[in-house]
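Sequential numbering of the sequence shown, starting at 8, is according to the working numbering. Let me begin by presenting the structure, written as structure tokens, before commenting on it.
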Amino acid sequence: MVLKMLRHSPTDTISFAGRSIFVKRDDKLHPDFSGNKARKFYHFLINDFTNITRIVGSGSAQANSLYSLSVLAKMKGWQLDYYVSHISAHLKSQLQATPIIVSNYTQAHQNGANIIEVDWASPKLSDCQHLDDVINIFKPEYDNQYNEQEILFIPEGGRCAYARTGIYLLADEIIDWVKAQRITALSVFLPSGTGTTALFLQQYFIKKCQTELVDIKVLTCSTVGGDSYLLKQFNELSSDETEYPSIINDGVKYHFGKLYLPLFELWQDVLETSGIEFDLLYDPIGLSVLKNHIEAGYSQERQILYIHQGGLLGNSTMLSRYNRKAMNNK
Ligand SMILES: *Cc1c(COP(=O)(O)O)cnc(C)c1O
């Protein structure tokens with residue numbers, strides 16, 4: 008049941024920036040396991056890991072990864088240990104407070120995740136700068152305490168080769184859809200964090216488009232630290248530049264997690280006109296960059312498919328941050 012639902016997300020048509028575009032609703036993949044991280048962790052869901060009892064991950068206490076890993080662990084009957092740099096007092100208070108702001112953090116906690124705040128003052132972590140270093144220190148301890156085969160270590164944000172399984176499946180869904188719709192040329196657009204999803208999609212389309220005779224290319228934008236940073240991220244995953252997606256921008260260099268009021272207004276506009284709630288971390292930037300691209304006259308002869316990559320559980324926190332900022336600006 009779960010596996011079947013995870014295979015085909017619906018596609019909507021919306022009116023955006025004066026034209027019609029398609030939206031691939033990966034936010035609707037499954038009620039609990041949806042969006043980008045569900046695609047990336049699909050590999051773990053469908054394969055048998057007979058000996059595994061525990062998974063170890065790391066990242067931000069607000070991350071979509073935390074929630075998706077907690078769902079995965081629950082579905083598989085695994086324990087999740089998730090290391091974070093810091094949990095704010097405000098966030099901690101949400102575990103008891105009423106009304107609770109439902110977030111990735113509260114729901115992961117409810118799913119039984121062990122969310123561990125790193126004690127940076129601990130002597131054995133004195134050489135550690137990043138969460139990756141911390142995991143490297145703890146790894147031998149895990150391997151001692153448990154049988155080595157019982158534990159699966161998952162890199163931050165799901166950034167590695169196993170993410171291909173689910174992302175290639177997403178690419179296949181898009182190819183099937185393009186053929187069914189008789190679309191001759193398609194630009195797939197999605198905002199990038201690490202760039203893993205955009206790169207693996209482009210890789211697969213290049214491989215498949217020759218035999219399938221379809222014209223699909225991937226456009227993306229950076230939400231983390233500019234175009235050159237995203238290029239560097241691509242380079243860490245593949246040295247073959249011919250398989251990189253095209254990076255487009257709207258002239259602004261964005262930084263992850265920062266608030267941009269004009270983008271929030273655009274996000275609200277899209278919510279009103281299309282009825283679709285996009286995420287508030289990646290999508291305001293994605294929507295702005297795509298709007299700019301369309302208004303500059305690009306992709307006129309191509310259909311456009313925007314991938315909605317989920318992440319809606321994080322919106323309540325972002326909304327309260329945006330509302331506070333909007334008030335202060337009045
Ligand atoms: C993780 C995530 C992304 C970024 O995916 P990358 O493969 O890291 O580029 C985009 N949107 C949402 C909602 C995400 O959760």
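Glycine included, C-beta positions come from ideal geometry on N, C-alpha and C. Note that the coordinates shown come from a computational prediction; the quantities given were computed from them, not determined experimentally.
Pick out whichever of the options has its Cα sitting closest to the Cα of residue i.
i	options	result
V296	Q86, G317, K31 and S253	S253
Y169	T60, N336 and F48	F48
K35	H50, F23, A24 and D19	D19
N242	T57, C167, I59 and F29	C167
P198	G232, Y149, Q275 and K186	G232
T60	D150, G317 and E157	E157
Q210	Q188, H262, N111 and D247	D247
V125	N143, H137 and V91	V91
E163	L326, L208 and N143	N143
A192	A333, R14, Q310 and F40	Q310
I223	L208, Y236 and L237	L208
I174	G321, N335 and F51	F51
G119	K81, Q101 and K215	K81
L326	L288, N336 and H300	L288
E308	A333, P291, S194 and G282	S194
E219	S245, Y251, V185 and Y236	V185
K215	K146, T203 and A178	A178
P3	Y313, D290, K239 and S75	Because the chain is modelled from 8 through 337, residue 3 falls outside the range shown and cannot be assessed.
I123	S22, Q103 and S95	S95
F23	Y329, D276 and R328	D276
P38	Q69, V30, S67 and S75	S75
K99	W127, A128, Q69 and S77	Q69
T324	I107, L270 and L176	I107
A45	L176, I21 and S67	L176
Given that a residue counts as buried once 16 or more other Cβ atoms are within 10 Å of its Cβ, and exposed if not, what is residue i?
i	result
T249	exposed
D234	exposed
N154	exposed
P268	Here residue 268 turns out to be Leu, not Pro, going by the sequence shown. By the neighbour-count rule (16 or more Cβ atoms within 10 Å), L268 is not buried but exposed.
P130	exposed
N151	exposed
D286	buried
A187	exposed
G318	buried
D33	buried
N322	buried
I181	buried
I53	exposed
Y236	exposed
G293	buried
H93	exposed
H300	buried
S133	exposed
Q101	buried
Hey, how far is the Cα of residue i from the Cα of residue j?
i	j	result
R331	R26	33 Å
S229	D55	35 Å
H315	N256	18 Å
H97	D183	45 Å
I28	S306	11 Å
Q86	G258	44 Å
A303	L266	25 Å
E148	V141	11 Å
I190	T201	29 Å
M8	L79	At M8 the pLDDT is 43, less than 50, meaning the model places this residue with poor confidence; the figure from the coordinates comes in the next sentence. Distance between the alpha carbons of M8 and L79 is about 15 Å.
H262	V225	22 Å
H137	N111	22 Å
M334	L13	40 Å
Q114	L320	9 Å
S77	S67	14 Å
K260	R328	21 Å
Using the three-state DSSP reduction, which class does residue i fall into: helix, strand or coil?
i	result
G232	strand
L206	helix
Y267	coil
D290	helix
V141	helix
Q101	coil
Q86	strand
V195	strand
T60	coil
H116	helix
H262	strand
Q275	helix
M8	Residue confidence for M8 is low, a pLDDT of 43 falling below 50, so the modelled location carries little weight and cannot support an answer.
E157	helix
G200	coil
F285	coil
N151	helix
S110	coil
Q136	coil
Between residue i and residue j, which are expected to be in contact by the criterion C-beta below 8 Å, what is the C-beta distance as a whole number of angstroms?
i	j	result
F212	V63	That belief does not hold up - the Cβ atoms of F212 and V63 are roughly 33 Å apart, past 8 Å.
S72	G165	6 Å
T227	A205	4 Å
N121	Y89	7 Å
E284	L278	6 Å
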